[in-house]
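Everything on this sheet refers to the single structure shown next.
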Amino acid sequence: MQTQTPRTLASAASAAALVLLLAACGTEGGTAGAGSGSGSDTVSPDLPVAGSHWTIGAVTVDGRRSAAPDGARVEFGADGRARGNSGCNTFGATVAVKGDTLTVSPQEITEMGCPEDRQRFETELVKAFTGPLKGKQKGEALTLTSPDGRNGLELTAEADLPLRGTTWKIDGLISGDTASSLPAGSGDKARLVLGADGRVTGNLGCNNFAATARVEGKTLTIEGPAATTRMMCTSPQMQLETKLYELLDGPLTYRLDHRTLTLTNAAGEGLGAKAAAGTTGETSEGTGGTDGQEPPASR
Numbered sequence: 002m003q004t005q006t007p008r009t010l011a012s013a014a015s016a017a018a019l020v021l022l023l024a025a026c027g028t029e030g031g032t033a034g035a036g037s038g039s040g041s042d043t044v045s046p047d048l049p050v051a052g053s054h055w056t057i058g059a060v061t062v063d064g065r066r067s068a069a070p071d072g073a074r075v076e077f078g079a080d081g082r083a084r085g086n087s088g089c090n091t092f093g094a095t096v097a098v099k100g101d102t103l104t105v106s107p108q109e110i111t112e113m114g115c116p117e118d119r120q121r122f123e124t125e126l127v128k129a130f131t132g133p134l135k136g137k138q139k140g141e142a143l144t145l146t147s148p149d150g151r152n153g154l155e156l157t158a159e160a161d162l163p164l165r166g167t168t169w170k171i172d173g174l175i176s177g178d179t180a181s182s183l184p185a186g187s188g189d190k191a192r193l194v195l196g197a198d199g200r201v202t203g204n205l206g207c208n209n210f211a212a213t214a215r216v217e218g219k220t221l222t223i224e225g226p227a228a229t230t231r232m233m234c235t236s237p238q239m240q241l242e243t244k245l246y247e248l249l250d251g252p253l254t255y256r257l258d259h260r261t262l263t264l265t266n267a268a269g270e271g272l273g274a275k276a277a278a279g280t281t282g283e284t285s286e287g288t289g290g291t292d293g294q295e296p297p298a299s300r
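Numbering-wise, the sequence shown is residues 2 to 300 according to this note's numbering.
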């Protein structure tokens with residue numbers, strides 16, 4: 002019995018030492034995972050692409066580079082989805098970000114017919130923007146490259162556009178929680194520009210207009226009624242003009258989201274607009290969108 006007691010104590014002591022050693026190792030391992038251990042255990046931070054918007058400059062497929070047409074862009078939402086336009090059709094995909102790798106799973110694309118060169122680029126974009134892509138960001142540039150290096154995209158960050166100086170092309174109407182497209186046949190002339198001189202100018206779908214305006218916080222107040230030209234147009238154009246003429250008079254709550262603008266009044270009636278192609282957001286003196294026709298003093 003006496004000879005067994007030391008062995009039992011020794012075993013207990015050894016076990017206790019082993020527990021302490023394992024606990025110490027576990028603590029060291031946790032510290033390394035937090036980034037204070039060896040570099041080999043450090044986890045790379047995720048690429049900060051959520052909520053970003055990019056112009057597609059070029060794609061590479063099987064080592065062959067193709068420049069993108071105007072209008073090719075992609076945005077990465079905070080919801081794990083990517084949405085964009087190939088310069089021809091709009092597309093959507095899910096995107097999982099882990100470290101410097103984006104795993105893209107294409108989901109949908111519209112099927113509008115386009116010129117041959119844009120259709121060809123779209124086909125290449127679909128091939129390049131799929132699967133795991135390693136991202137490398139430098140300043141305003143982001144490159145996404147396939148594991149074998151043969152496919153990839155070249156992206157440039159798009160800046161948000163300001164309320165003033167941007168040509169806002171009106172593309173929808175809002176009534177409460179419902180957004181609708183413009184009346185069929187009303188064309189695509191409707192637009193507005195808020196100038197640095199305190200004027201808002203543009204086109205109501207038929208006639209050009211001008212009015213004074215002021216911005217306070219998130220409220221744009223148009224001191225109407227607006228002055229307009231006096232042309233006659235088609236019935237859908239005149240229908241849209243009447244709606245916009247009534248809307249663009251008084252206080253409106255505005256919301257900017259990158260390159261889109263919504264204006265709504267207290268009754269929930271409003272409009273939606275997107276930045277016109279080629280707009281830069283440079284300061285305007287209230288002359289944009291009037292086609293060279295100056296409205297009279299009043300309607």
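Quick reminder that beta carbons are idealized off the backbone N, C-alpha and C, glycines included.
Counterpart residues of residue i in DSSP-defined beta bridges
{"i": "V194", "result": "T202"}
{"i": "L154", "result": "V60 and L145"}
{"i": "G225", "result": "According to DSSP, which records beta bridges pairwise, G225 is partnered with nothing at all."}
{"i": "E217", "result": "T220"}
{"i": "P107", "result": "A94"}
{"i": "T131", "result": "Answer is none; T131 lacks a bridge partner."}
{"i": "G136", "result": "L145"}
{"i": "G269", "result": "Its beta-bridge partners do not exist; DSSP assigns none."}
{"i": "E121", "result": "Before going further, note that residue 121 is Arg rather than Glu in the sequence given. Per DSSP, none; premise fails for R121."}
{"i": "A83", "result": "F77 and A94"}
{"i": "P252", "result": "T222"}
{"i": "S181", "result": "L174"}
{"i": "D258", "result": "T261"}
Residue i and residue j closer than 8 Å at C-beta
{"i": "V98", "j": "A83", "result": "no"}
{"i": "T374", "j": "T111", "result": "Because the chain is modelled from 2 through 300, residue 374 falls outside the range shown and cannot be assessed."}
{"i": "L48", "j": "D101", "result": "yes"}
{"i": "S181", "j": "Q240", "result": "no"}
{"i": "T157", "j": "T220", "result": "no"}
{"i": "G153", "j": "A185", "result": "no"}
{"i": "P148", "j": "T104", "result": "no"}
{"i": "N204", "j": "M232", "result": "no"}
{"i": "G72", "j": "A278", "result": "yes"}
{"i": "S176", "j": "E270", "result": "yes"}
Buried versus exposed, by CB contacts within 10 Å (16 or more), residue i
{"i": "E123", "result": "buried"}
{"i": "G85", "result": "buried"}
{"i": "V201", "result": "buried"}
{"i": "G304", "result": "For residue 304 there is no data in the structure shown, the boundaries of the chain being 2 and 300."}
{"i": "E242", "result": "buried"}
{"i": "A274", "result": "buried"}
{"i": "G52", "result": "exposed"}
{"i": "A68", "result": "exposed"}
{"i": "S87", "result": "buried"}
{"i": "A211", "result": "buried"}
{"i": "V216", "result": "exposed"}
{"i": "G140", "result": "exposed"}
{"i": "L23", "result": "In this predicted model, L23 has a pLDDT of only 35, less than 50, meaning its place in the structure is not dependable; the value taken from the coordinates is given anyway. With fewer than 16 other Cβ atoms within 10 Å, it is exposed."}
{"i": "A79", "result": "exposed"}
{"i": "R119", "result": "buried"}
{"i": "A214", "result": "buried"}
{"i": "G136", "result": "buried"}
Among the options, the one whose alpha carbon lies nearest that of residue i
{"i": "G93", "options": "T102, G100, D101 and S106", "result": "S106"}
{"i": "M237", "options": "T254, A211, A214 and L183", "result": "With the sequence shown as reference, residue 237 is identified as Pro, and Met is not the correct amino acid for it. The shortest C-alpha separation from P237 is found at L183."}
{"i": "L174", "options": "A68, D161, A191 and A160", "result": "A191"}
{"i": "E155", "options": "A79, R74 and A267", "result": "R74"}
{"i": "G114", "options": "K135, A129, Q138 and C89", "result": "C89"}
{"i": "N266", "options": "D178, M239, A277 and K139", "result": "D178"}
{"i": "T261", "options": "A160, R119 and G150", "result": "A160"}
{"i": "W169", "options": "Y255, P70, S45 and E76", "result": "Y255"}
{"i": "Q108", "options": "P116, E117, S176 and G81", "result": "G81"}
{"i": "L272", "options": "D71, K135, F77 and K244", "result": "K244"}
{"i": "F77", "options": "A277, N208, H259 and R121", "result": "H259"}
{"i": "V50", "options": "A214, L143, G72 and N208", "result": "L143"}
{"i": "Q138", "options": "R151, P46 and I171", "result": "P46"}
{"i": "T222", "options": "G269, C234 and L264", "result": "L264"}
{"i": "R151", "options": "T235, G218, R65 and P70", "result": "R65"}
{"i": "I171", "options": "H54, A268 and Y246", "result": "Y246"}
{"i": "G218", "options": "C234, T235, L257 and R121", "result": "L257"}
Within-8 Å CB hit, residue i to chain B
{"i": "V75", "result": "The chain labelled as chain B is not found in the depicted structure, where only one protein chain is given."}
- Contact between the stretch 196-203 and the stretch 161-171 (3+ Cβ pairs under 8 Å): yes
- Should the stretch 248-263 be called in touch with the stretch 220-228, which here means at least 3 C-beta pairs below 8 Å? Under the Cβ criterion (8 Å, minimum of three pairs), the stretch 248-263 counts as touching the stretch 220-228.
- Message: Pairs of beta-carbons, one from the stretch 119-134 and one from the stretch 56-69, closer than 8 Å: are there three or more?
- Response: yes
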